[in-house]
Amino acid sequence: MTETLRWRMVRVALAVIISIIVIFPLYWMIVVAFSTRSDLLGGELRLWPENLTFANFERVFAAFPIATWFGNSTAIAVSVAIITVTVNLLGGYALADLRFRGSTVLFLIALATLMIPVQVIMVPLFGLVTGLGLYGSYWAVILPTAASAFGLFLARQFILAIPRDLIEAARMDGAGNWRVFTRIILPLSKPLIAVLFFMSLLQTWNDFAWPLIALKQNALFTLPIGLLYLQGQFGADYGGTMAFALINVLPMVVLFLVFQRYFVQGFARSGIR
Amino acid sequence: MTAAVGLGAGAAAAASAAPGTPSAAGARTASPRRRGRSRARETLAGYAFLTPNLLLLGLFVIVPLVSAVVISFQRTDGFGTGTFTGIDNYARLATDPVFWRSTINTALFTAIVTPLSMLLGLGAAVLMNSVLPARGLFRSILILPMAISGVATALIGVLVFDQNNGVLDKLLKFVGLPAVEWQSGGAAAFASVVIVTLWWRVGFNMLIYLAGLQGISPGLYEAARLDGAGGWQRFRFVTVPLVGPSSFFLLIMNVIYSFQVFDIVFVLTGGGPQNATSVLVTYAYNNGFVTRDQGYAAAIGVVLLVITLVFTAVQWRVSRTRDLVD
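Protein sequence lines correspond, in order, to chains A and B.
If you're matching positions, the first sequence starts at 26 in the numbering used here and goes up one per residue.
If you're matching positions, the second sequence starts at 7 in the numbering used here and goes up one per residue.
Listed below in structure tokens is the structure:
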């Protein structure tokens with residue numbers, strides 16, 4: 026009995042230590058964001074803010090169009106999420122419920138595209154986006170980012186698990202594929218839609234490599250690109266950089282904690298990370 | 007996209023008007039559900055539903071991929087059309103020390119990050135799967151880094167690892183250890199990239215392992231206990247083999263991620279000092295969008311793609327032979 030109790034204490038201690046290691050960098054971001062510049066430059070070790078200040082936020086908001094960048098991030102992430110979810114649901118339905126030649130091959134090709142890093146295709150993709158006249162608009166980011174098969178596998182699996190009887194019964198009542206999709210599949214796919222939507226939102230909000238290439242005008246920046254730009258301008262002003270990092274990070278952290286079960290399902294089932 | 011959806015609706019409507027009364031439909035068996043004409047319609051409907059997805063993937067992934075291969079055989083100036091120079095770009099790669107450095111770094115990063123994030127992930131998952139107060143809270147904390155953007159993660163890394171005034175070196179000095187030159191030392195800079203990546207990714211590994219662990223029946227542990235197996239033996243002979251599918255999946259995901267690591271390196275070290283942390287994707291980016299040597303950048307990308315494909319093919323082989331053996 027004492028043996029089990031001791032092991033239990035060890036486990037709790039381990040969990041606490043690991044949690045502190047994981048939380049510390051985020052805690053430190055918050056501390057620095059609310060610290061005065063002189064406190065930050067002091068040489069001694071100090072693990073909490075001596076003098077709380079909002080000066081870093083004021084400075085950052087005065088120097089950069091943060092509200093615009095926040096709006097850009099929101100517009101782009103929501104658009105990508107809506108397009109990807111729609112497109113992958115439609116495709117997932119076709120792959121799960123309809124039998125046709127080439128469906129397996131197309132499915133495998135679509136999945137294989139997930140392995141291609143954007144850096145492999147960035148040069149011609151930039152040319153393509155420019156050629157299509159998308160450069161200089163949100164669409165330069167939205168369309169290439171929405172072109173993802175990440176939800177296809179998940180949607181197919183989910184729809185395969187919907188009882189065949191429901192679909193066959195609707196067919197016997199004369200429902201066509203579109204009707205089956207809108208009346209049977211969609212209403213039953215709400216959890217799937219939530220998972221795909223949140224996953225896509227999170228990924229796009231945090232996306233970096235392609236927006237870095239496709240967004241050159243200051244007014245179109247998303248928060249991560251703006252964050253890097255700010256760091257370039259502010260240099261070693263950690264207070265300002267961390268204040269802005271907090272603005273970048275906070276919405277997704279809140280969303281992530283509130284809708285955790287959808288994110289957990291999304292990561293665990295699709296394995297996208 | 008709207009046009010494609012409209013097409014889908016049209017094809018679906020056509021399919022619903024297919025011959026066959028409801029009573030006849032009832033007599034049909036599930037497998038070859040439809041006869042000749044309606045089978046063609048089902049094919050049409052299938053493609054119609056897939057079209058939006060295929061259109062986007064084709065235009066923004068497949069077409070650029072093919073062009074990337076073509077461009078890798080060209081010499082380009084800016085974004086104009088290039089001239090074919092055969093395998094010149096690849097010949098240049100063979101004698102480019104920075105390219106080799108980046109390749110070795112990519113391999114090294116993969117060889118370190120993949121096993122470490124899996125080991126730490128499995129350890130955390132076993133801990134989170136055991137009897138523990140406030141388990142939900144601990145789990146939420148461990149997966150929290152997954153919500154943080156790569157840029158923010160790397161900038162927090164810049165802050166923490168600053169060798170002049172960073173909190174980590176202050177902590178090291180506080181406990182009596184020597185401070186580390188995270189920016190000017192090549193190996194230390196590489197280590198900082200690895201540590202930040204682990205912080206960012208262990209939660210994901212834990213989550214996958216946790217899902218695997220929850221599928222193991224408690225009866226197996228009970229049986230092992232009755233056979234006299236200790237804690238380590240139960241872990242070694244029950245847990246490890248039974249999370250095999252999770253491990254296999256994570257191996258592929260971690261390797262592919264490591265081949266493509268960009269955000270953290272780009273923001274945290276920029277590939278420096280002296281290319282000590284340069285990887286293939288950052289080197290390709292620098293060639294394509296900083297020095298604007300597009301053909302050369304495309305060639306680096308193609309090399310990365312080939313490495314990824316070879317790895318996946320080998321994995322596929324290994325997993326199939328293993329399935330046959332089992």
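Quick reminder that beta carbons are idealized off the backbone N, C-alpha and C, glycines included.
None of the values given here were measured: they were computed from a predicted structure.
Terminal residues of the alpha helix (DSSP H) in which residue i lies
| i | result |
| --- | --- |
| A/W94 | I91 to D122 |
| A/M277 | Y263 to V283 |
| A/W22 | Here chain A has residues from 26 to 298 only, and residue 22 of chain A is not among them. |
| A/W16 | What the structure shows of chain A is the stretch from 26 to 298, and residue 16 of chain A is not part of that stretch, so it cannot be assessed. |
| B/G156 | G156 to F167 |
| A/A171 | W164 to A171 |
| B/Y227 | P224 to L232 |
| B/S146 | R141 to I149 |
| B/D299 | B/D299 -> no alpha helix (DSSP H), and no H or E assigned at all. |
Per-residue DSSP class, three states only, for residue i
| i | result |
| --- | --- |
| B/R40 | Confidence is the limiting factor: at B/R40 the pLDDT is only 46, short of 50, which leaves the residue's position unreliable, though a coordinate-based value still follows. In the structure shown, B/R40 sits in coil (DSSP, three-state: anything other than H, G, I, E or B). |
| B/T57 | helix |
| A/R126 | coil |
| B/T109 | helix |
| B/Q280 | coil |
| B/T89 | strand |
| B/Q239 | helix |
| B/R323 | helix |
| B/Q80 | strand |
| A/I210 | helix |
| B/Y215 | helix |
| A/G67 | coil |
| B/D175 | helix |
| B/W188 | coil |
| B/V246 | helix |
| A/N204 | Here residue 204 of chain A is Arg; the residue named in the question, Asn, does not match the sequence. Looking at A/R204 - three-state DSSP - the assignment turns out to be helix. |
| B/A33 | Per-residue confidence for B/A33 stands at a pLDDT of 37, beneath the threshold of 50, marking its modelled position as unreliable; no derived number is given. |
| B/Q220 | coil |
| A/G199 | coil |
Within-9 Å CB hit, residue i to chain A
| i | result |
| --- | --- |
| B/M152 | yes |
| B/A303 | yes |
| B/Q300 | yes |
| B/L286 | yes |
| B/F272 | yes |
| B/A9 | Only weak support is given to the placement of B/A9: the predicted model assigns it a pLDDT of 30, under 50, and the value that follows is read from those uncertain coordinates. Not one chain A Cβ lies under 9 Å of B/A9. |
| B/M134 | yes |
| B/F66 | yes |
| B/T266 | Per the sequence presented here, residue 266 of chain B reads as Gln, with Thr not at that position. It does; some Cβ of chain A falls within 9 Å. |
| B/S146 | yes |
| B/Y227 | no |
| B/W205 | yes |
| B/A282 | no |
| B/L122 | no |
Nonlocal neighbours in the same chain, by C-beta distance under 6 Å from residue i, ignoring five residues either side
| i | result |
| --- | --- |
| B/R98 | none |
| A/Y118 | I184, F206 and I210 |
| A/V85 | G265, A268 and F269 |
Test: residue i CB closer than 9 Å to a CB of chain B
| i | result |
| --- | --- |
| A/R126 | yes |
| A/P149 | yes |
| A/R31 | no |
| A/P142 | yes |
| A/P249 | yes |
| A/S173 | yes |
| A/N273 | yes |
| A/F246 | no |
| A/P74 | no |
| A/P212 | no |
| A/R36 | yes |
| A/V85 | no |
| A/I91 | no |
Spatial neighbours of residue i in its chain, beta-carbon cut-off 7 Å, leaving aside the 5 residues before and after
| i | result |
| --- | --- |
| B/G234 | none |
| B/L333 | Because residue 333 of chain B is not part of the residues shown, which for chain B are 7 to 332, the question remains open. |
| A/Y301 | This structure leaves residue 301 of chain A out entirely; chain A is present only between 26 and 298. |
| B/Y96 | A305 |
| A/I101 | Y163, V166, I167, T229 and T247 |
| B/Q80 | G88, T89, F90, T91 and G301 |
| A/I310 | The structure shown has nothing for residue 310 of chain A, since chain A only spans 26 to 298. |
| A/I233 | Before going on, a small fix: residue 233 of chain A reads as Phe here, not Ile. Within the same chain, A/F233 has close Cβ partners P249. |
Sequence-distant residues of the same chain with beta carbon closer than 8 Å to residue i, five excluded per side
| i | result |
| --- | --- |
| A/G67 | none |
### Message
For the pair the stretch 175-194 of chain B and the stretch 101-118 of chain B, tell me if three or more CB-CB distances fall below 8 Å.
### Response
Here the stretch 175-194 of chain B makes no contact with the stretch 101-118 of chain B; the two share fewer than three CB pairs at distances below 8 Å.
### Message
I'd like to know if the stretch 252-262 of chain A and the stretch 126-133 of chain A are in contact, where contact means that at least 3 CB-CB pairs between them fall below 8 Å.
### Response
As far as the Cβ criterion goes, the stretch 252-262 of chain A does not touch the stretch 126-133 of chain A, which means the pair count is below three.
### Query
Can you find at least 3 beta carbon pairs, one from the stretch 87-94 of chain A and one from the stretch 107-127 of chain A, that sit closer than 8 Å?
At 8 Å Cβ cutoff, the stretches do not touch.
### Query
Looking at C-beta atoms only, is the number of pairs between the stretch 211-230 of chain B and the stretch 129-140 of chain B that lie closer than 8 Å three or more?
yes
### Query
Does the stretch 112-123 of chain B come within contact of the stretch 260-267 of chain B, defined as at least 3 CB pairs closer than 8 Å?
yes
### Query
Between the stretch 271-280 of chain A and the stretch 143-160 of chain B, are three or more C-beta pairs nearer than 8 Å?
yes
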